[in-house]
Amino acid sequence: MRLNHHRASQLLSAYLDRELGPAETAAVQAHLLDCASCRAAYEGLRTTKELVGQLPVAEPPAGFWAAVRAPWLPRRAGAARIRGVFGRRVAWASAAAVLALALAATPLVKGTIDRLHASEIGVDLYVRQHAQAMGAEPFTDRAYLGLTTGDADLVLSGDAQPAGTAPR
Amino acid sequence: MARPNASQAVSYTTEELARYEAIVQRYARHVYNVAYRMAGNEADARDLAQETFLRVYRALRRVEPDAPLESWLYRIVSNLYIDLLRKRPRGRVESLDAPVDTPRGELLREMPDPGSSPEAIIEREQLDATIQRALGTLSPDLRMVVVLSDVEGYSYEEIAMFLRVPLGTVKSRLHRARQILQQRLGRYVEARRRGWEP
Ligand SMILES: [Zn+2]
Chain A
438 MRLNHHRASQ
448 LLSAYLDREL
458 GPAETAAVQA
468 HLLDCASCRA
478 AYEGLRTTKE
488 LVGQLPVAEP
498 PAGFWAAVRA
508 PWLPRRAGAA
518 RIRGVFGRRV
528 AWASAAAVLA
538 LALAATPLVK
548 GTIDRLHASE
558 IGVDLYVRQH
568 AQAMGAEPFT
578 DRAYLGLTTG
588 DADLVLSGDA
598 QPAGTAPR
Chain B
-18 MARPNASQAV
-8 SYTTEELARY
2 EAIVQRYARH
12 VYNVAYRMAG
22 NEADARDLAQ
32 ETFLRVYRAL
42 RRVEPDAPLE
52 SWLYRIVSNL
62 YIDLLRKRPR
72 GRVESLDAPV
82 DTPRGELLRE
92 MPDPGSSPEA
102 IIEREQLDAT
112 IQRALGTLSP
122 DLRMVVVLSD
132 VEGYSYEEIA
142 MFLRVPLGTV
152 KSRLHRARQI
162 LQQRLGRYVE
172 ARRRGWEP
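Chains as they are written, first to last, in my numbering: chain A, 438 to 605; chain B, -18 to 179.
As structure tokens, this is what we get:
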């Protein structure tokens, strides 16, 4: 099998991923020996793949694990769109969530920055962790959760606290 | 493990809840990671991943024990993300988390991370943010393929199955996506090819 330049250049990504059959693989290899432009393109694709592949695994924010493990709980204002599934309790809770949002949203941006700032300068570890967790997810603050669920016990059914969440 | 609770919409048995917990254990980190690389910010990624698992939870009785769920999960994430794009004015979804202007150097000096210098960490974070921004310039179709391939490491065949597209489509989308990324990341690609490590 012989490949012209255009065809070979289209196969470079699949060649890089070892996703070509033996005949195509051999043909691309043969073309690469002849074609400096395809060699450069191949190197660029390989490096690009490498860069993307080195992205770290994104760390879920505080409150994520508890929310995923207890999906029936309304967690924060954004969860209001799941209403209707859980009946009256959630209808009531999302009304409370709107109130919580009204209370929280105005100073939210500034509050978040202040909390992040506090998390840097705080000397006490507990305060620091708490401030960091709250900076990342203000609606998991116990005051808000108590308000949105109307039942402090529900908070406890959410299972193990993820790392980085303040001990309670 | 979660225990049955009066507020649950469906009363699942302890075994069923254990099964849900096992699904969370096995897939949630990957689902969140894919959602994060698609959305480019924490709030949307969290919403997408939580919504995905809410669907798993609701459909729990229809999920076969031990059946591989990647295909279903990534299809849900992908569809939810496209819904999100439709509902939002353009530009709002693509944005990265706003960089928080904090004196990082100070913080790092205060709590040193053994093994890497503050400069190296900052450089790495900047590079990651640049790569994420470059991903954000791809169309969702191209982005999903490159995330599943180059971030999560799935084969063309698996990606074709997840997204219900022909193998040739995966091949061409991935090639196109990498060409665009290479252009956007030109400086870094060139630096690395010459052996300067960022
Ligand atoms: Zn060529």
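Ideal placement from N, C-alpha and C gives every residue a C-beta, glycine not left out.
In this text the structure is predicted, and so the values were computed from the model without any measurement.
C-beta neighbour in chain D for residue i, strict 8 Å
i, result
"Q447/A", "Among the protein chains in the structure shown, which are A and B, there is no chain D."
Secondary structure of residue i, DSSP reduced to three states
i, result
"N14/B", "helix"
"L144/B", "helix"
"R237/B", "Since the first residue of chain B shown is -18 and the last is 179, residue 237/B is not available in this structure."
"Y8/B", "helix"
"Y153/B", "Strictly speaking, residue 153/B in this sequence is Ser, with Tyr absent from that position. Note: S153/B maps to helix in three-state DSSP."
"E480/A", "helix"
"N22/B", "coil"
"Q164/B", "helix"
"C472/A", "coil"
"P497/A", "coil"
"Q31/B", "helix"
"R124/B", "helix"
"Q491/A", "coil"
"T(-6)/B", "coil"
"E106/B", "helix"
"T462/A", "helix"
"R552/A", "Residue placement at R552/A is flagged as unreliable, the pLDDT there being 41, under the threshold of 50; the coordinate-derived value follows with that caveat. In this structure, R552/A counts as helix in the three-state DSSP scheme."
"E456/A", "coil"
"Y1/B", "helix"
"P99/B", "helix"
"G117/B", "helix"
Chain A contact for residue i (CB, 8 Å cutoff)
i, result
"D122/B", "no"
"A141/B", "no"
"E104/B", "no"
"R27/B", "yes"
"I57/B", "no"
"D109/B", "yes"
"R174/B", "yes"
"L89/B", "With a pLDDT of only 35 at L89/B, under 50, the local geometry of the prediction cannot be trusted, and no value is derived from it."
"E(-4)/B", "no"
"L65/B", "no"
"V44/B", "no"
"A9/B", "yes"
"E23/B", "yes"
"A(-1)/B", "no"
"A30/B", "yes"
"V5/B", "yes"
"Y62/B", "no"
"Y135/B", "no"
"V74/B", "The pLDDT assigned to V74/B is 48, lower than 50, so where the model puts this residue is not dependable; a value taken from the coordinates is nonetheless given after this. No, no contact with chain A."
CB contact check: residue i to chain B, cutoff 8 Å
i, result
"A451/A", "yes"
"L492/A", "yes"
"L488/A", "yes"
"T462/A", "no"
"P497/A", "yes"
"V465/A", "no"
"G458/A", "no"
Proximal chain A residues relative to residue i, where beta-carbon distance stays under 7 Å
i, result
"V127/B", "V489"
"Y17/B", "A495"
"Y38/B", "P508"
"L155/B", "S450"
"N14/B", "V494 and A495"
Contacts that residue i makes with chain B (C-beta to C-beta distance below 7 Å)
i, result
"L469/A", "Under the 7 Å cutoff, chain B gives no residues; its nearest Cβ is about 16 Å from L469/A."
"L482/A", "R159 and Q163"
Contact set between residue i and chain A, taken where Cβ atoms lie within less than 8 Å
i, result
"R152/B", "Residue 152/B is actually Lys in this sequence, not Arg. Here the neighbours are S450, A451 and E456."
"V170/B", "G481, T484, T485 and L488"
"S166/B", "Per the sequence presented here, residue 166/B reads as Leu, with Ser not at that position. Neighbours of L166/B on chain A, chain order: T485 and L488."
"D131/B", "K486, V489 and G490"
Check: residue i C-beta below 7 Å from any heavy atom of ligand 2
i, result
"F34/B", "Absence of ligand 2 is noted for the structure shown, with ligand 1 being the only ligands found."
inquiry  = Closer than 7 Å between the C-beta and any heavy atom of ligand 1: which residues qualify, listed along the chain?
reply    = Sorted by chain position, residues whose beta-carbon lies closer than 7 Å to a non-hydrogen atom of ligand 1 are H442/A, A445/A, S446/A, H468/A, C472/A, S474/A and C475/A.
ask   = Given 8 Å as the limit, is there contact between the region 15 to 24 of chain B and the region 115 to 125 of chain B, that is, 3 or more CB pairs closer than that?
value = Cβ pair count under 8 Å is three or more, so yes.
Three or more C-beta pairs below 8 Å linking the region -9 to 2 of chain B and the region 473 to 484 of chain A = With a cut-off of 8 Å, the region 473 to 484 of chain A and the region -9 to 2 of chain B do not count as touching, because too few Cβ pairs lie within range.
inquiry  = Assess contact between the region 105 to 115 of chain B and the region 490 to 502 of chain A, defined as three or more Cβ pairs (one per stretch) separated by less than 8 Å. Is contact present?
reply    = yes
ask   = Would you call the region 163 to 178 of chain B and the region 123 to 133 of chain B in contact, with 3 or more CB pairs under 8 Å?
value = no
inquiry  = Across the region 439 to 451 of chain A and the region 138 to 156 of chain B, are there enough close Cβ pairs to call them in contact, namely three or more that are closer than 8 Å?
reply    = Counting Cβ pairs under 8 Å, three or more are found: they touch.
query = Are the region 97 to 109 of chain B and the region 454 to 468 of chain A touching, with three or more C-beta to C-beta distances below 8 Å?
reply = no
query = Taking one C-beta from the region 23 to 38 of chain B and one from the region 492 to 509 of chain A each time, how about it: are there three or more such pairs within less than 8 Å?
reply = As far as the Cβ criterion goes, the region 23 to 38 of chain B touches the region 492 to 509 of chain A, which means the pair count is three or higher.
request  = Decide if the region 139 to 148 of chain B is in contact with the region 48 to 57 of chain B; the criterion is three or more beta carbon pairs, one per stretch, under 8 Å apart.
outcome  = yes
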